[in-house]
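Trainee: I am attaching a structure below and will ask some questions about it afterwards.
Shown next, in the form of structure tokens:
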């Protein structure tokens, strides 16, 4: 099957034949008996890793195994926020690597991922918030990451629906704005990577659950047992988000992860009213407007670990309390639907992109509540790690051993993430 | 919202409780004898079980006491709750 390029010219040409000549964007192959490398998990991170393995490292005899359908996990369940204003040098390097890839991703994949750098504004409601965010602004600038401080009036100018009066429980005292941040179309990221990887020869195999990891006498990976049979390979990259503990448990590897439900919800669609992304860590809400017109709203995780992909309603109502205080005109909006995904959270709220104690087994996990923004950067350095059997300089600090060695990248304490 | 049976107060809504993570993690008796890997296991490594999980809850907005629970993390169904110090009830699931 030849790859069909997407362009205005192609659209016109195929339009002349009534758009009947388009074919599927990627194949549905049967698993081969063996591959040079296998990625477990067909979300954005996994599909992206397969794409970069094929594109930049010349590994094309590879497969992505997905137990459900691609993009059906957290890639299709998040609130699509992209930013890189993290406090620590290690995080800033990783997330900004990702933002830079986002900026050209549509061109690189020949697929419109609808990256929209509309600005991410994080609200300060307390004196502590002001001090922390100003510290972030300065730290980010030292790392070449754009971030600027706004007074309440400037925040209101940037986001007119925002209520900056002092008649709310936690008035807005200012904001930190990253103009290069924004949103992207989450499904298109999975589909774009899948199509681009497929055209390079990668087999994307859906409905294929890994049920065992076989090791040879020396303890290295030699094959995967799956619901569609045994597949031999010497390299396995696991990118399974909330189910990472389960998959790596098959190889006897323990990880410092806990899996929590994270919910999001959208309103009924309305005309364009909301020009940017607004986040408030203090009163637990974040909001943007999709191109369909729905307000996309999210907040913190549920309290307990779970694999159910659903959470409790009081989490959502708590979030909506905050939204209605900040944007009183949304009080009469009806919410259309809500859902949950399972996020794998590390003790320091930074990811793990690393080799494991098992030779040939690599893991990309621990993205917690904020993995979507990192999709291209994470996939890029994970592919490097798998191909070269050593970390890229950007993900070198994000090991499993950092917990043993006391080298935490403690974004949890830095409060740079909504959690 | 979950309904959780506090062993001291009975069935109450989830918002009265706070979550305490994996249960039956005993602080090492001789901490000076542990190496870095053993401390890592104690401090950071969690079972994160997909299935029946023994976990701590605290009835924070009720009696204030900690207790343990067995919950199936694939359904959020509680199989049992029991007082701290009592052994894990035998209601299935891996230990």
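Residue numbers (the numbering used here), protein chains in the order written: chain S, 2 to 420; chain G, 922 to 1016. A virtual CB, placed ideally from N, CA and C, is assigned to each residue, including glycine.
#1: With 8 Å as the threshold, decide whether the Cβ of residue 352 (chain S) is near any Cβ in chain G.
#2: Quick check on residue 97 (chain S): buried or exposed, where buried means 16 or more other Cβ atoms within 10 Å of its Cβ?
#3: So is residue 123 (chain S) buried or exposed if we call it buried at 16+ other beta carbons inside 10 Å?
#4: Roughly how many angstroms lie between the CA atoms of residue 112 (chain S) and residue 8 (chain S), to the nearest whole one?
#5: Is it the case that the Cβ atoms of residue 104 (chain S) and residue 410 (chain S) are separated by a distance below 8 Å?
#6: Inspect the beta-carbon positions of residue 358 (chain S) and residue 254 (chain S) and report whether they are closer than 8 Å.
#7: How is residue 169 (chain S) classed by DSSP in three states: helix, strand or coil?
#8: Do we get a CB-CB distance below 8 Å when we pair residue 969 (chain G) with the residues of chain S?
#9: Use the C-beta contact count for residue 59 (chain S): other C-beta atoms within 10 angstroms, 16 or more gives buried, fewer gives exposed.
#10: I'd like the span of the beta strand (DSSP E) that includes residue 998 (chain G), first residue to last.
#11: Going by the DSSP bridge assignment, what does residue 342 (chain S) pair with across the sheet?
#12: Give a yes or no on whether the minimum CB-CB distance between residue 974 (chain G) and chain S is below 8 Å.
#13: Return the Cβ separation of residue 288 (chain S) and residue 296 (chain S) in integer angstroms, given the expectation that the two are a contact with Cβ distance under 8 Å.
#14: Is residue 101 (chain S) helix, strand or coil when you go by DSSP?
#15: Give the residues from the segment 288–313 of chain S that approach chain G closer than 7 Å (Cβ to any Cβ), ordered along the chain.
#16: Under 8 Å, Cβ to Cβ, is there at least one residue of chain G near residue 259 (chain S)?
#17: If you draw a straight line from the C-alpha of residue 975 (chain G) to the C-alpha of residue 189 (chain S), how long is it?
#18: List, in chain order, every chain G residue whose beta-carbon is nearer than 9 Å to that of residue 78 (chain S).
#19: Using only the alpha-carbon positions, how far apart do residue 218 (chain S) and residue 360 (chain S) sit?
#20: Only counting the same chain, and skipping five residues up and downstream in sequence, which positions put a Cβ closer than 8 Å to that of residue 293 (chain S)?
#21: Classify residue 408 (chain S) as buried or exposed, calling it buried when 16 or more other Cβ atoms lie within 10 Å of its own Cβ.
#22: Strictly below 9 Å CB to CB, what residues from chain G border residue 315 (chain S)?
#23: Among all the DSSP beta bridges, which residues are the ones paired with residue 216 (chain S)?
#24: If contact means a Cβ-Cβ distance below 7 Å, which residues of the segment 991–1004 of chain G contact chain S?
#25: Identify the contact partners of residue 255 (chain S) in chain B, using a Cβ-Cβ distance below 7 Å as the criterion.
#26: From this set, S:10, S:30, S:39 and S:34, which residue's C-alpha is nearest residue 387 (chain S)'s C-alpha?
#27: Out of curiosity, what's the CA-to-CA distance linking residue 394 (chain S) and residue 55 (chain S)?
#28: Is the segment 313–329 of chain S close to the segment 262–281 of chain S, with three or more CB pairs under 8 Å?
#29: DSSP beta-bridge partners for residue 82 (chain S)?
#30: Looking only at C-alpha atoms, which of S:146, S:128 and S:227 sits nearest to residue 34 (chain S)?
#31: Using alpha carbons as the reference points, say which of S:200, S:195 and S:149 lies closest to residue 175 (chain S).
#32: Quick check on the burial criterion: 16 or more other C-beta atoms within 10 angstroms. Buried or exposed for residue 1006 (chain G)?
#33: Let me see if you follow: with CB-CB separation under 8 Å, is residue 926 (chain G) close to chain S or not?
#34: For residue 13 (chain S), which residues from the same chain have a beta carbon less than 7 Å from its beta carbon, with the 5 sequence-adjacent residues on both sides left out?
#35: To be precise: take each residue of the segment 378–409 of chain S, compare its Cβ to all Cβ atoms of chain G, and keep it if any distance is under 7 Å. Which residues remain?
#36: Would you say residue 70 (chain S) touches the ligand FAD, meaning its beta carbon is less than 7 Å from a heavy atom?
Mentor: Reading from the atomic positions:
#1: As a first step, residue 352 (chain S) is located in the first chain; it is residue number 351 there, counting from the start. Chain G, which has no Cβ nearer than 8 Å to the Cβ of residue 352 (chain S), makes this no.
#2: One-based indexing of the first chain puts residue 97 (chain S) at position 96. Under this definition residue 97 (chain S) is a buried residue.
#3: Mapped onto the first chain, residue 123 (chain S) falls at position 122. So residue 123 (chain S) ends up on the buried side.
#4: Numbered from its first residue, the first chain carries residue 112 (chain S) at position 111. Numbered from its first residue, the first chain carries residue 8 (chain S) at position 7. Rounded to the nearest angstrom, the two C-alpha atoms are 9 Å apart.
#5: Reading the first chain from its first residue, position 103 is the one you call residue 104 (chain S). Reading the first chain from its first residue, position 409 is the one you call residue 410 (chain S). No, these two residues do not count as a Cβ contact at 8 Å.
#6: Locating residue 358 (chain S) in the first chain gives position 357, counting from the first residue. Locating residue 254 (chain S) in the first chain gives position 253, counting from the first residue. Against a cut-off of 8 Å, the Cβ pair of residue 254 (chain S) and residue 358 (chain S) comes out as a contact.
#7: Along the first chain, read from residue 1 onward, the residue named residue 169 (chain S) stands at position 168. Here residue 169 (chain S) sits in coil by DSSP.
#8: Counted from its first residue, the second chain places residue 969 (chain G) at position 48. Yes - at least one Cβ of chain S is within 8 Å of the one on residue 969 (chain G).
#9: Position 58 of the first chain holds residue 59 (chain S). That one is exposed.
#10: Indexing the second chain from 1 puts residue 998 (chain G) at position 77. Per DSSP, residue 998 (chain G) belongs to the beta strand (DSSP E) from 998–1004.
#11: Start at 1 with the first residue of the first chain, and residue 342 (chain S) comes out as number 341. Per DSSP, the beta-bridge partners of residue 342 (chain S) are S:263.
#12: For the purposes of this step, residue 974 (chain G) is identified with residue 53 of the second chain, where counting begins at 1. Residue 974 (chain G) has a beta carbon lying within less than 8 Å of a beta carbon in chain S.
#13: Position 287 of the first chain, counted from the first residue, corresponds to residue 288 (chain S). Position 295 of the first chain, counted from the first residue, corresponds to residue 296 (chain S). The pair is a contact, with the Cβ atoms about 6 Å apart (cut-off 8 Å).
#14: Position 100 of the first chain, counted from the start, is the residue given in the question as residue 101 (chain S). It is helical.
#15: 304, 305, 306, 307, 308, 309 and 313
#16: Taking the first residue of the first chain as 1, we reach residue 259 (chain S) at position 258. Residue 259 (chain S) counts as touching chain G.
#17: The residue you call residue 975 (chain G) lines up with position 54 of the second chain. The residue you call residue 189 (chain S) lines up with position 188 of the first chain. Taking the straight line from one Cα to the other gives about 39 Å.
#18: On the first chain, residue 78 (chain S) is found 77 positions in, with the first residue counted as 1. Those do not exist, as residue 78 (chain S) stays about 18 Å from chain G at its closest Cβ, beyond 9 Å.
#19: For the purposes of this step, residue 218 (chain S) is taken as residue 217 along the first chain, with counting starting at 1. For the purposes of this step, residue 360 (chain S) is taken as residue 359 along the first chain, with counting starting at 1. Approximately 12 Å between the Cα atoms of the pair.
#20: For the purposes of this step, residue 293 (chain S) is taken as the residue at position 292 of the first chain. By the criterion of a C-beta distance shorter than 8 Å, residue 293 (chain S) is surrounded in its chain by 270, once the five residues flanking it on both sides are discounted.
#21: If you number the first chain from 1, residue 408 (chain S) lands on position 407. Residue 408 (chain S) comes out exposed.
#22: On the first chain, position 314 is the one that residue 315 (chain S) refers to. Residues of chain G passing the Cβ test: 922, 934, 935 and 936.
#23: Numbered from its first residue, the first chain carries residue 216 (chain S) at position 215. According to DSSP, residue 216 (chain S) bridges with S:222.
#24: 994, 995, 996 and 997
#25: The question asks about chain B, but that chain is absent: this structure's protein chains are S and G.
#26: In the first chain, counting from the first residue as 1, residue 387 (chain S) sits at position 386. Cα-wise, what sits closest to residue 387 (chain S) is S:39.
#27: For the purposes of this step, residue 394 (chain S) is identified with residue 393 of the first chain, where counting begins at 1. For the purposes of this step, residue 55 (chain S) is identified with residue 54 of the first chain, where counting begins at 1. Answer to the nearest angstrom: the Cα atoms are 20 Å apart.
#28: Touching, yes, given that three or more Cβ pairs across the two stretches are closer than 8 Å.
#29: As a first step, residue 82 (chain S) is located in the first chain; it is residue number 81 there, counting from the start. According to DSSP, which records beta bridges pairwise, residue 82 (chain S) is partnered with S:184.
#30: On the first chain, residue 34 (chain S) is found 33 positions in, with the first residue counted as 1. Closest option to residue 34 (chain S), Cα to Cα, is S:227.
#31: Counting from 1 along the first chain, the entry for residue 175 (chain S) is found at position 174. For residue 175 (chain S), the closest C-alpha among the options S:200, S:195 and S:149 is that of S:149.
#32: Taking the first residue of the second chain as 1, we reach residue 1006 (chain G) at position 85. Residue 1006 (chain G) should be labelled exposed.
#33: As a working note, residue 926 (chain G) is residue 5 in the second chain. False, the Cβ-Cβ gap to chain S never drops below 8 Å.
#34: As a working mapping, residue 13 (chain S) is identified with position 12 in the first chain. So the list is empty, once near-sequence residues are dropped.
#35: 404 and 405
#36: Absent from the structure shown: the ligand FAD. Ligands present: none.
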